[in-house]
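Student:
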Amino acid sequence: MSDFLQASLHHLLVFTIAAVLACEWALLRPGLAPATLRLLARLDAVYGLSALGILLVGFGRVMHGAKGAAFYTANPLFWTKIGVFALVGLLSIKPTLRILAWQKRLRADAGFTPSSADIAALRPLLLAELMLFAAIPVLAAAMARGIGHA
Numbered sequence: 007m008s009d010f011l012q013a014s015l016h017h018l019l020v021f022t023i024a025a026v027l028a029c030e031w032a033l034l035r036p037g038l039a040p041a042t043l044r045l046l047a048r049l050d051a052v053y054g055l056s057a058l059g060i061l062l063v064g065f066g067r068v069m070h071g072a073k074g075a076a077f078y079t080a081n082p083l084f085w086t087k088i089g090v091f092a093l094v095g096l097l098s099i100k101p102t103l104r105i106l107a108w109q110k111r112l113r114a115d116a117g118f119t120p121s122s123a124d125i126a127a128l129r130p131l132l133l134a135e136l137m138l139f140a141a142i143p144v145l146a147a148a149m150a151r152g153i154g155h156a
């Protein structure tokens, strides 16, 4: 039952991140209103907490799950999945820092809106995050079916 609960939570966190990234990408448009910027900041916080949750639950599954650590650590797809997750995390740094900076400016000036150039610089990063993140469940599905195991 513990493995089932861990797997369920892990999957819910994956879906949460996918939804948050899609929402962030959809909201991040020129003419971003202050209320939308506040929503974007809340979504980015959910993204960060969900990513932390995935790491904690995921590594908990590796160490204490039904398949055992050897199932994961011996599979190159596991390490590919971890690498893609890390790459998504690295890509998220710039958008998160910009959103935090915009939040600070918004607190100082209630009418602040980010420039179109700032927004245009971040949209490709969010799209790259979305596209790479989509590969993670595919890698997980392959792994669960023994693909990559020697």
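If you're matching positions, the sequence shown starts at 7 in the numbering used here and goes up one per residue.
Just so you know, even glycine gets a beta-carbon here, dropped at the ideal spot from N, CA and C.
#1: Out of A41, G59, K87, R48, state which residue places its alpha-carbon closest to the alpha-carbon of A116.
#2: My understanding is that A72 touches D9, with C-beta atoms under 8 Å, so please give their C-beta distance in whole angstroms.
#3: With a threshold of 16 other CB atoms inside 10 Å of the CB of I105, please say whether the residue is buried or exposed.
#4: If you follow the alpha helix (DSSP H) that T42 is part of, which residue opens it and which one closes it?
#5: With distances taken Cα to Cα, identify the nearest neighbour of P120 among M7, L34, L18, V26.
#6: Roughly how many angstroms lie between the CA atoms of L128 and R113, to the nearest whole one?
#7: Can you tell me where the alpha helix (DSSP H) with A80 in it begins and where it stops?
#8: Using only the heavy atoms of the ligand ADP, determine whether one of them is closer than 7 Å to the beta carbon of L97.
#9: Classify L58: buried if its beta carbon has 16 or more other beta carbons within 10 angstroms, exposed otherwise.
#10: Tell me whether the beta-carbon of E135 lies closer than 8 Å to the beta-carbon of V94.
#11: Are the CB atoms of T86 and L145 within a distance shorter than 8 Å?
#12: Could you give the first and the last residue of the continuous alpha helix (DSSP H) run that contains L15?
Tutor: Answer, in terms of the structure:
#1: The residue labelled residue 116 in the question sits at position 110 within the sequence shown. Nearest C-alpha to A116: A41.
#2: Stepping through the sequence shown from its first residue, residue 72 is reached at position 66. Stepping through the sequence shown from its first residue, residue 9 is reached at position 3. That pair is a contact at about 4 Å.
#3: Here residue 105 corresponds to residue number 99 of the sequence shown, with the count starting at 1. With 16 or more other Cβ atoms within 10 Å, it is buried.
#4: Locating residue 42 in the sequence shown gives position 36, where the first residue counts as 1. Note, T42: alpha helix (DSSP H), 40 to 70.
#5: Counted from its first residue, the sequence shown places residue 120 at position 114. With distances taken between Cα atoms, P120 lies closest to L34.
#6: The residue you call residue 128 lines up with position 122 of the sequence shown. The residue you call residue 113 lines up with position 107 of the sequence shown. Approximately 21 Å between the Cα atoms of the pair.
#7: Numbered from 1 along the sequence shown, position 74 holds the residue referred to as residue 80. Element bounds for A80: n/a, residue is neither H nor E.
#8: In the structure shown, the ligand ADP is absent, as is every other ligand, since no ligand is present at all.
#9: Mapped onto the sequence shown, residue 58 falls at position 52. The residue in question, L58, is exposed, as its Cβ has fewer than 16 Cβ neighbours within 10 Å.
#10: Numbered from its first residue, the sequence shown carries residue 135 at position 129. Numbered from its first residue, the sequence shown carries residue 94 at position 88. A contact, by the Cβ cut-off of 8 Å.
#11: Position 139 of the sequence shown, counting from 1, holds the residue named residue 145. Position 80 of the sequence shown, counting from 1, holds the residue named residue 86. Yes, they are a contact pair.
#12: Sequence index remark: in the sequence shown, residue 15 carries index 9 (1-based). Start and end: 8 to 33.
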